[in-house]
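S.K.: Chains as they are written, first to last, in our numbering: chain A, 18 to 447; chain B, 18 to 447.
1) Take residue 210 of chain A as the anchor and find which of A:199, A:201, A:68 and A:224 has the nearest alpha-carbon.
2) Can you tell me where the beta strand (DSSP E) with residue 238 of chain A in it begins and where it stops?
3) Please tell me whether residue 270 of chain B and residue 242 of chain B are closer than 8 Å, where the distance is taken between their beta carbons.
4) Contact criterion: CB-CB distance below 8 Å. Does residue 93 of chain B meet it with respect to chain A?
5) Looking only at C-alpha atoms, which of B:308, B:384, B:363 and B:347 sits nearest to residue 439 of chain B?
6) Looking only at its chain, what residues have a beta carbon closer than 7 Å to the beta carbon of residue 319 of chain A, apart from the 5 residues adjacent to it on each side?
7) Measure the Cβ-Cβ separation of residue 324 of chain B and residue 310 of chain B and say whether it is below 8 Å.
8) Name the residue from A:43, A:73 and A:60 whose alpha carbon lies nearest to the alpha carbon of residue 287 of chain A.
9) Anything in the stretch 292-319 of chain A with a Cβ closer than 8 Å to a Cβ of chain B? List those residues in chain order, please.
10) Under DSSP, the alpha helix (DSSP H) around residue 362 of chain B begins and ends at which residues?
11) Going along the chain, which residues of its own chain have a beta-carbon closer than 7 Å to the beta-carbon of residue 64 of chain B, five neighbours each way excluded?
12) At what residue ranges does the stretch 242-320 of chain A contain a whole run of the beta strand (DSSP E), taking only runs of 3 or more?
13) Do you know how far the Cα of residue 321 of chain A is from the Cα of residue 284 of chain A?
14) Quick one: which chain B residues come within Cβ less than 8 Å of residue 88 of chain A?
15) Compute the beta-carbon to beta-carbon distance between residue 460 of chain A and residue 228 of chain A, rounded to the nearest angstrom, for a pair I have assumed lies under 8 Å.
16) Which residues, in chain order, does the stretch 104-132 of chain B contribute to contact with chain A at a C-beta distance below 7 Å?
17) Could you name the residues of the stretch 318-352 of chain A whose beta carbon sits closer than 8 Å to any beta carbon of chain B, in the order they occur along the chain?
18) In the DSSP assignment, what residue or residues form a beta bridge with residue 209 of chain B?
19) For residue 86 of chain B and residue 45 of chain A, I'd like the C-alpha separation in whole angstroms.
20) Among the residues of its own chain, which have a CB less than 7 Å from the CB of residue 428 of chain A, if the five just before and after it don't count?
21) DSSP puts residue 386 of chain B in a beta bridge; with which residues?
22) Which word fits residue 226 of chain B, buried or exposed, when buried means at least 16 other C-beta atoms lie within 10 angstroms of its C-beta?
23) Take residue 433 of chain A as the anchor and find which of A:371, A:401 and A:350 has the nearest alpha-carbon.
24) Which of helix, strand or coil does DSSP assign to residue 95 of chain A?
25) Closest Cβ-Cβ distance between residue 437 of chain A and chain B: below 8 Å?
26) So that I know if they touch, is there some Cβ in chain B lying closer than 8 Å to that of residue 163 of chain A?
27) Which residue marks the beginning of the alpha helix (DSSP H) containing residue 170 of chain B, and which one marks its end?
28) Residue 280 of chain A: buried (16+ other C-beta within 10 angstroms of its C-beta) or exposed?
29) Rank B:104, B:128 and B:114 by C-alpha distance to the C-alpha of residue 98 of chain A and give the top, closest one.
30) Please confirm whether any heavy atom of the ligand MG lies closer than 7 Å to the CB of residue 440 of chain B.
31) Listing by chain order, which chain A residues have their CB less than 9 Å from the CB of residue 149 of chain B?
32) Whose Cβ in chain B lies nearer than 7 Å to the Cβ of residue 85 of chain A?
33) Within 8 Å (strictly less), CB to CB, does residue 286 of chain A reach chain B?
34) With the cut-off set at 8 Å, would you say residue 441 of chain A and residue 377 of chain A are in Cβ contact?
35) How far does the beta strand (DSSP E) with residue 159 of chain A in it reach, from first residue to last?
36) Along chain B, in chain order, which residues have C-beta atoms closer than 9 Å to that of residue 421 of chain A?
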């Protein structure tokens, strides 16, 4: 394949010949399809990593677990700030920590992350001054990444430094150089297994380098292990335990790890957990005891009784994977069928998580999203996967294939492929 | 009754005659009782405003409402930051606001208060600078009051100014003078109906003065209406609507109101709500959308289906009152039987709420709590009802009679009465 040729599906368009008849033909064919999508007044959504109805149904048995005949008194009353013992036991195993190293909260791990950073702003980390008293606080943001992480930093006035993602995690040469040379860099955001959106699983080497690198003494690894047990295929890579690695490196208070059952049971009514060294857990509880008397213990109890043990969690995650695999494969297949012979459209082939990360010709991502929107399909806004929405290349689009039913997803893929082609041809011919 | 006589029950002790034989006799009798309490190795608790088992049982039907057969899809998934429509409708009526003026959260109103003040510290109030950038932030603290309110201020470094409580609410002359003369005073804590612990219902005049007084433009009334529907008797006074009063005064953004079902359904698994002007609600949601994707909607749905409507809430509150009235009356009766003829022990006669506020002879409250503890009964620590635990008179003790069963409460009253007598006689004779 010559580099100066643009291949899109059946068309072979010479970039330097704008009168190329294939190019014109391609554009007209796609435009016609696009007009028909608009006429159909569709209402499709591939914007957010939402489980679909069939996935939610997997956990409906949880609603039958507790009833007026079997409820235990103590679980209804106040107390238990750190979460019920049964839930700490179970999710300690999921998080790879001890029972004393985990707090079970209410329904949102994002809430636990936000609160952690609010406490850092207000009270400081590891006995150092409150971040709000510092002139500048910076965070390393491997990107593309999770827009809600970046939104927290933006809201708290934390400066974000974009770190390129590589195939085995963030660019660690850059991370090490920055973290060791700038005391105002106070943390890094990581989605270490099936990263959002690239689907990357951090390599053991990356985990070790994060654990061992030189940093400010109040530097925090925000380890959002949202997809810890969310493999699509049984041979998906495992993740090295960051807390163990940090302990071995003598930096046991560096990582704060988060997870939830939002994509195991119910997104809105799951339970979230935060794990860390005992020192960090006690320090968090010391402020949390001022914030609340305790989490909803009945929801925690229902979860433990429903999921039972680590094998129960593995079993339900298998069922999730069975529902999700055809969806991921449909999108991958649509992209492969149409763009396998061009360098202008690339994507990852995730083995877990909730996203496909799509890279279109530089300068075309916003246009693709705009065209899709007009045709009745919402995508995560282009740029959202970068700090302050700044994708310098205007190339990355996060595709969330989990929520739509398969027939809608097929239509969504048609629209996506059509819009990519239109955007690229327009960018070439304008 | 002569002022220089100390009457405790059957004993009539002349303060100026320390050799009074009644005094010696009384002390010996009580000491003997006290020794028998210690021998019995009791384990009683009147420390916290916890509902008892029979109260929790009233809501167990809520656990049978949702099941795998009737669950509605949308309530299981992400979203709905402001709470489900049905819950906003119902609790807007409880709070006396419109549906747009309320947010339904998770299980803890304390959490909503803490988060509100964390946002004030970090982002400011009403468009004014963040409180954390100010040299001094002060709060008015009507006292005795709720220890957890004071703990939030202490944790956030907010200076507390103790305001005496009167029979119709805080000393408003002092509140007005301070609020209008010091820009660094940014708020006031209020438990306006059945105040914690005095059981005071703020008068209409107090509400109006709070709404109309001159304050800093980012002054906040933290209106913790924890006991809004928690009357013990049907003729308990109603509370004037603070939001309406503030709107009429042109200060609609001044009050932030809180409530929960912690003492309507389950303390640990209820739902909390925050109500305020639409401007304030939108401003809170603007930050909350960064903090979380939304609350647990299934718990909200179960609550609405269980409680049904405002009449349903009134009905369950009647049942709570029936369980609680004998407990309150038992304590009041024990106090009356023993201390009705002395000025050295006073108490309120609450018509609602969760506490009896006990005032013992100055300098004796800590001693009473200490004696009770040794005899196997935990009380709220003396001083806890004042900012920084500073009860200048060492006089107030918060009695929480709701949790123990009646037979334990009877024993607890015996111990309390005995310890009060011992402490007072010791203070006279030492």
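Cβ atoms here follow ideal geometry from the backbone N, Cα and C, with glycine treated the same way.
M.R.: This is what the structure gives:
1) One-based indexing of the first chain puts residue 210 of chain A at position 193. The option with the nearest alpha carbon to residue 210 of chain A is A:224.
2) In the first chain, residue 238 of chain A corresponds to position 221, counting from 1. Note, residue 238 of chain A: beta strand (DSSP E), 237-241.
3) Along the second chain, one-based indexing puts residue 270 of chain B at 253. Along the second chain, one-based indexing puts residue 242 of chain B at 225. The answer is no: Cβ separation not under 8 Å.
4) One-based indexing of the second chain puts residue 93 of chain B at position 76. It does; some Cβ of chain A falls within 8 Å.
5) For the purposes of this step, residue 439 of chain B is taken as residue 422 along the second chain, with counting starting at 1. That would be B:384, whose Cα lies nearest to the Cα of residue 439 of chain B.
6) Start at 1 with the first residue of the first chain, and residue 319 of chain A comes out as number 302. Only 79, 82 and 83 meet the Cβ criterion.
7) Reading the second chain from its first residue, position 307 is the one you call residue 324 of chain B. Reading the second chain from its first residue, position 293 is the one you call residue 310 of chain B. 8 Å or more divides the Cβ of residue 324 of chain B from the Cβ of residue 310 of chain B.
8) Numbered from its first residue, the first chain carries residue 287 of chain A at position 270. Residue A:73 holds the alpha-carbon nearest to the alpha-carbon of residue 287 of chain A among A:43, A:73 and A:60.
9) Here the close residues are 304, 307, 308, 309, 310, 311, 312, 313, 314, 315 and 316.
10) Here the question's residue 362 of chain B lines up with position 345 in the second chain. That residue, residue 362 of chain B, is in no alpha helix (DSSP H); its beta strand (DSSP E) goes 362-364.
11) The residue labelled residue 64 of chain B in the question sits at position 47 within the second chain. 395, 396, 397 and 417, listed in sequence order.
12) Unbroken beta strand (DSSP E) runs of no fewer than 3 residues, entirely contained in the stretch 242-320 of chain A, are found at 272-277 and 289-292, following chain order.
13) Working through the first chain from its first residue, we reach residue 284 of chain A at position 267. Working through the first chain from its first residue, we reach residue 321 of chain A at position 304. Rounded to whole angstroms, the separation of the alpha carbons of residue 321 of chain A and residue 284 of chain A is 16 Å.
14) Numbered from its first residue, the first chain carries residue 88 of chain A at position 71. When 8 Å is used as the limit between beta carbons, residue 88 of chain A is near these residues of chain B: 77 and 80, in chain order.
15) No statement about residue 460 of chain A is possible, as the shown extent of chain A runs from 18 to 447 and does not include it.
16) Answer set for the stretch 104-132 of chain B: 123, 124, 125, 127, 128 and 131.
17) Residues: none.
18) Within the second chain, numbered from 1, the residue matching residue 209 of chain B stands at position 192. Residue 209 of chain B is bridged by DSSP to nothing; it lacks a bridge partner.
19) Here residue 86 of chain B refers to the residue found at position 69 when the second chain is read from its first residue. Here residue 45 of chain A refers to the residue found at position 28 when the first chain is read from its first residue. Residue 86 of chain B and residue 45 of chain A: Cα-Cα distance of roughly 50 Å.
20) Translated into the one-based positions of the first chain, residue 428 of chain A becomes position 411. Within the same chain, 59 and 61 come within 7 Å of residue 428 of chain A by CB-CB distance, once the 5 residues on both sides are set aside.
21) For the purposes of this step, residue 386 of chain B is taken as the residue at position 369 of the second chain. DSSP output for residue 386 of chain B lists no bridge partner at all.
22) Taking the first residue of the second chain as position 1, residue 226 of chain B is located at position 209. Counting Cβ neighbours within 10 Å, residue 226 of chain B comes out buried, since at least 16 surround it.
23) Taking the first residue of the first chain as position 1, residue 433 of chain A is located at position 416. Per the Cα distances, A:350.
24) The residue given as residue 95 of chain A occupies position 78 in the first chain. Three-state DSSP puts residue 95 of chain A in coil, outside helix and strand.
25) Indexing the first chain from 1 puts residue 437 of chain A at position 420. The beta-carbon of residue 437 of chain A is placed no less than 8 Å from the nearest beta-carbon of chain B.
26) Working through the first chain from its first residue, we reach residue 163 of chain A at position 146. Taking CB atoms only, residue 163 of chain A has no neighbour in chain B less than 8 Å away.
27) The residue you call residue 170 of chain B lines up with position 153 of the second chain. Residues 164-173.
28) Position 263 of the first chain, counted from the start, is the residue given in the question as residue 280 of chain A. In the assembly as shown, residue 280 of chain A is a buried residue. Its beta-carbon has 16 or more other beta-carbons within 10 Å.
29) The residue given as residue 98 of chain A occupies position 81 in the first chain. Ranking B:104, B:128 and B:114 by Cα distance to residue 98 of chain A puts B:128 first.
30) With respect to small molecules bound, the structure shown includes none, and the ligand MG cannot be examined in it.
31) Locating residue 149 of chain B in the second chain gives position 132, where the first residue counts as 1. Within chain A, the C-beta atoms nearer than 9 Å to that of residue 149 of chain B come from 138, 139, 147, 149 and 150, in chain order.
32) As a working note, residue 85 of chain A is residue 68 in the first chain. Residues of chain B passing the Cβ test: 77, 78, 80 and 81.
33) In the first chain, the residue the question calls residue 286 of chain A occupies position 269. By the rule that beta-carbons nearer than 8 Å mark a contact, residue 286 of chain A touches chain B.
34) Taking the first residue of the first chain as 1, we reach residue 441 of chain A at position 424. Taking the first residue of the first chain as 1, we reach residue 377 of chain A at position 360. Yes.
35) Numbered from its first residue, the first chain carries residue 159 of chain A at position 142. Element bounds for residue 159 of chain A: 155-160.
36) The residue you call residue 421 of chain A lines up with position 404 of the first chain. Going along chain B, no residue has its Cβ under 9 Å from residue 421 of chain A, so there is no contact; the nearest lies around 13 Å.
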